[in-house]
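Trainee:
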Amino acid sequence: MAPLVARLTAAADARRPLRAIGAASAVAAKVAVETGFDALWVSGLEVSTALGLPDENVLGPRDLADTVLALTRTAALPVIVDIDNAGGTPATARRFAGDLTRAGVAALCLEDSAYPKVNSFALHRSQALARTDTVTEQLAAMRDVAGTQVALIARTEALICGGSVAEAVERAAAYAACGADAVLIHSKDPTGQQALATAAAWTGAVPLVTVPTAFAHLAPDDLGTAGFALAIYANQLSRAALAAMRRAAASFQTTGSFTADGTPLSDVADLLQIADPTARACL
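Its first residue numbered -1, the sequence shown is counted upward by one per residue in the numbering used here.
#1: Entirely within the region 63 to 140 and at least 3 residues each: give me those beta strand (DSSP E) ranges in chain order.
#2: Quick one, are the C-beta atoms of residue 181 and residue 148 less than 8 Å apart?
#3: Of all the options 253, 202, 16 and 78, which has the alpha carbon lying nearest to the alpha carbon of residue 174?
#4: Could you compute how far the alpha carbon of residue 185 sits from the alpha carbon of residue 215?
#5: To the nearest angstrom, report how far apart residue 219 and residue 61 are at their CA atoms.
#6: Expressed to the nearest angstrom, what Euclidean distance is found between the alpha-carbon atoms of residue 43 and residue 170?
#7: Does DSSP put residue 189 in a helix, in a strand, or in coil?
#8: With distances taken Cα to Cα, identify the nearest neighbour of residue 52 among 116, 259 and 281.
#9: Note the first and the last residue of the continuous alpha helix (DSSP H) segment covering residue 226.
#10: Report buried or exposed for residue 128, applying the criterion of at least 16 other Cβ atoms within 10 angstroms of its Cβ.
#11: Could you work out which residue in 199, 31 and 11 is closest to residue 20 when comparing CA atoms only?
#12: Where do the N-terminal and C-terminal ends of the alpha helix (DSSP H) with residue 2 fall, by residue?
#13: Look at the alpha carbon of residue 143 and the alpha carbon of residue 96, and state the distance between them as a whole number of angstroms.
#14: So the candidates are 54, 229 and 137; which of them puts its Cα closest to the Cα of residue 122?
#15: Thinking residue 287 and residue 118 are a contact (beta carbons under 8 Å), I'd like their distance in whole angstroms, please.
Here you go:
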């Protein structure tokens, strides 16, 4: 059994979910450690954005593996990688799983979107679902190369595509039956009621995962009580960083200084110590 699976099972039994935070850089990984998160999530959206690429199946295994290596140099936390639909075929899923297992991941998350994928919150393009048997074949190929020490999380976009809770649970159950260690039923309902309904409907033996981007008002305790074993805060640090950079740059344009209006900046030493904890600086 993968170590993360045991932790997810314990979290589900305790009704206290593990908390993973999106990290696309060693800086974010350092923040995650300092603030007590349980795991790191390598988000396809965050990594694509950091590279100036659209979130549309443009990333390859090497892009993700390089990010994993940066995180594991910095943080002794399990790394969960979002591989989207892994290129849409069993052969491409095998490549993703093999390369990322060698890079040191704790878990891989495969979604059932049709190739090419569409971001779950996009309005400019519509999402479609892959055939269930295609996804189960991908999961089997991934298990073949990743073994049992890497957890496989199967994510369904059924609700994102307008399906019912029953349809989403049926898909998730099919993925669990073919060997997924946990399932993620993604929802963009801002009330959170749809996500809570999926938790109530889920009777499977494997742990349930959620990404509460759309329903951030539901605290981890609420999600744990509902039955979720893992809550993934997928892109909040990138969004916070973007907002802070804009504030600092706007302040400079107005005042000629990056600190004139009290805008907080980390010390230079703080940056040096991300990669070298023994580093010292005069600023």
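Just so you know, even glycine gets a beta-carbon here, dropped at the ideal spot from N, CA and C.
Mentor: Based on what the coordinates show:
#1: Counting only runs of 3 or more, we get 77 to 80 and 105 to 109.
#2: One thing to note: residue 181 has its Cβ no nearer than 8 Å to the Cβ of residue 148.
#3: Between residue 174 and the set 253, 202, 16 and 78, the nearest pair of CA atoms involves 202.
#4: Each residue's Cα considered, the two are about 14 Å apart.
#5: The straight-line gap separating the alpha-carbon atoms of residue 219 and residue 61 is approximately 34 Å.
#6: The straight-line gap from Cα to Cα measures roughly 23 Å.
#7: Coil at residue 189, not helix or strand.
#8: Comparing Cα-Cα distances from residue 52 to each of 116, 259 and 281, the minimum goes to 116.
#9: No alpha helix (DSSP H) contains residue 226, which is instead part of the beta strand (DSSP E) from 226 to 231.
#10: By the 16-neighbour rule on beta-carbons within 10 angstroms, residue 128 is buried.
#11: It is 31 whose Cα lies nearest to the Cα of residue 20.
#12: Start and end: 1 to 12.
#13: Rounded to whole angstroms, the gap between the alpha carbons of residue 143 and residue 96 is 6 Å.
#14: Considering only alpha carbons, the answer is 54.
#15: Any answer about residue 287 is impossible in this case: the structure gives the chain only from -1 up to 281.
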